[in-house]
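Residue numbers (the numbering used here): 159 to 540.
Where is the CB? At the ideal position from N, CA and C, for every residue including glycine.
Quick notes on the structure that follows.
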């Protein structure tokens, strides 16, 4: 890598423009999501571009697309939440029953979980052996781990329903041991971080503290113990591997045919251009066979080039607009229903995130919970 003064100036300018465009004075769901995406996707990509390997035009279009997302999510449309005949007790009981059912299903399919996944260096070996028992349960397990369990953990912590939170925590840990998806493990920390952010009231400042402490402490651990796995996860995996994968998507699809959304449900009427999934193709070409997922805008480029980046950015803006309008983002419980699916955008396509990673399910649950809370407040006033 080599520092380029020209790219340094352009990227710093883009950083400042985006920073000035980000919401800072409101307390909203869109503020939290936009700051998370900025910290974990845009900043690493800008740094990677400054250091040489990234493509400046590609990075610039992504930044323009992100600004479009910010502007669209702030259009000020207000939608009315539906009023449904369900109370919080029935909702949490239903969700807990669903999560326990998924845990028992994984137990039946795979037997007792092994502790191998606790060694983060062996997660890919465990991941390839998981038995889901059908395509439907691939979705259900993802929704349980990314939407339902984080929601129940936050509910247990916030409302002092510690037994609910403990059961959800154990189920989340069990799902991680079976599937070995690191996001399932780290989502517990994200829930705690989100509650802290809402308590502190400053998203950007709290994120800066957490990321700075994580980087410095992981490096100190490496200096004193020579243990590479911790800085590998906290520094390499968070800040350098994602932009590297994104740049490889650009390199490959600059020279090969776009996918035209043919492999997603959006493009069901288009003949598939590739027989393999895009992460599989990129993994084989650049990562010695490992599946290489990338951020939503990298997938947008793979689908339709620079225009694809703008399209997914616009769609994400409208998704944020709807979610922000109907979800009570001052309540950490409602926000935790969508924070993990939105966080998945850092390493996944938007179309995949909406269904497979449970974003639609999370938004529906958060709206339902917000409606229940609104109804409770009205009853108290009356």
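Would you grab the beta carbon distance between residue i and residue j for me? Rounded to a whole angstrom, and I think it's under 8 Å.
i           : j           : result
residue 189 : residue 257 : The Cβ separation is near 29 Å, so there is no contact.
residue 221 : residue 176 : 6 Å
residue 406 : residue 444 : 4 Å
residue 517 : residue 501 : Going by Cβ atoms, the distance from residue 517 to residue 501 rounds to 10 Å, so no, they are not a contact pair.
residue 496 : residue 520 : 4 Å
residue 247 : residue 401 : 45 Å between Cβ atoms; not a contact.
residue 397 : residue 461 : Incorrect: roughly 25 Å between the Cβ atoms, too far for contact.
residue 241 : residue 304 : Not really, about 27 Å apart at Cβ, beyond 8 Å.
residue 313 : residue 322 : 6 Å
residue 329 : residue 261 : 5 Å
residue 473 : residue 508 : 6 Å
Is residue i helix, strand or coil by DSSP?
i           : result
residue 211 : coil
residue 481 : helix
residue 227 : helix
residue 418 : coil
residue 182 : coil
residue 526 : helix
residue 239 : coil
residue 248 : helix
residue 431 : coil
residue 445 : coil
residue 372 : helix
residue 291 : coil
residue 453 : coil
residue 200 : helix
residue 465 : helix
residue 521 : helix
residue 404 : helix
residue 193 : helix
residue 506 : coil
residue 302 : helix
residue 538 : Low confidence applies to residue 538: its pLDDT is 49, below 50, so where it sits in the model is not reliable, and the reading given next is rough at best. Residue 538 falls in the helix class under three-state DSSP.
residue 307 : helix
residue 319 : coil
residue 409 : helix
residue 273 : coil
residue 286 : coil
residue 331 : helix
residue 324 : helix
residue 356 : helix
residue 383 : helix
residue 494 : helix
residue 362 : helix
residue 253 : helix
residue 169 : helix
residue 234 : coil
Report the option in the options whose CA atom is closest to the CA atom of residue i.
i           : options               : result
residue 324 : 299, 388 and 254      : 254
residue 211 : 316, 421, 268 and 162 : 162
residue 404 : 276, 192, 446 and 202 : 202
residue 357 : 531, 178, 185 and 243 : 185
residue 197 : 334, 431 and 224      : 224
residue 343 : 315, 294, 380 and 276 : 276
residue 292 : 166, 399, 267 and 313 : 267
residue 338 : 289, 450, 316 and 363 : 289
residue 319 : 402, 251 and 401      : 251
residue 418 : 376, 372, 496 and 470 : 470
residue 551 : 370, 392 and 261      : Only positions 159 to 540 of the chain appear in the structure, and residue 551 is not among them; the question remains open.
residue 439 : 408, 479 and 213      : 408
residue 451 : 160, 296, 199 and 524 : 199
residue 135 : 214, 353 and 515      : Since the first residue shown for the chain is 159 and the last is 540, residue 135 is missing from the structure and cannot be characterised.
residue 492 : 226, 209, 389 and 306 : 306
residue 174 : 218, 209 and 411      : 218
residue 347 : 506, 372, 377 and 457 : 372
residue 549 : 422, 530 and 487      : The shown model of the chain, from 159 to 540, leaves out residue 549, and the question about it has no answer.
residue 316 : 527, 441, 507 and 489 : 489
residue 468 : 369, 228 and 183      : 228
residue 362 : 532, 226 and 193      : 193
residue 527 : 308, 485 and 504      : 485
residue 369 : 511, 395 and 237      : 395
Can you determine whether any heavy atom of the ligand COA sits closer than 8 Å to the C-beta of residue i, and answer yes or no?
i           : result
residue 298 : As presented, the structure is devoid of all ligands, the ligand COA included, so that no description of it is given.
Is the segment 326 to 341 close to the segment 475 to 491, with three or more CB pairs under 8 Å? No, because fewer than three Cβ pairs between the segment 326 to 341 and the segment 475 to 491 fall closer than 8 Å, the two stretches do not touch.
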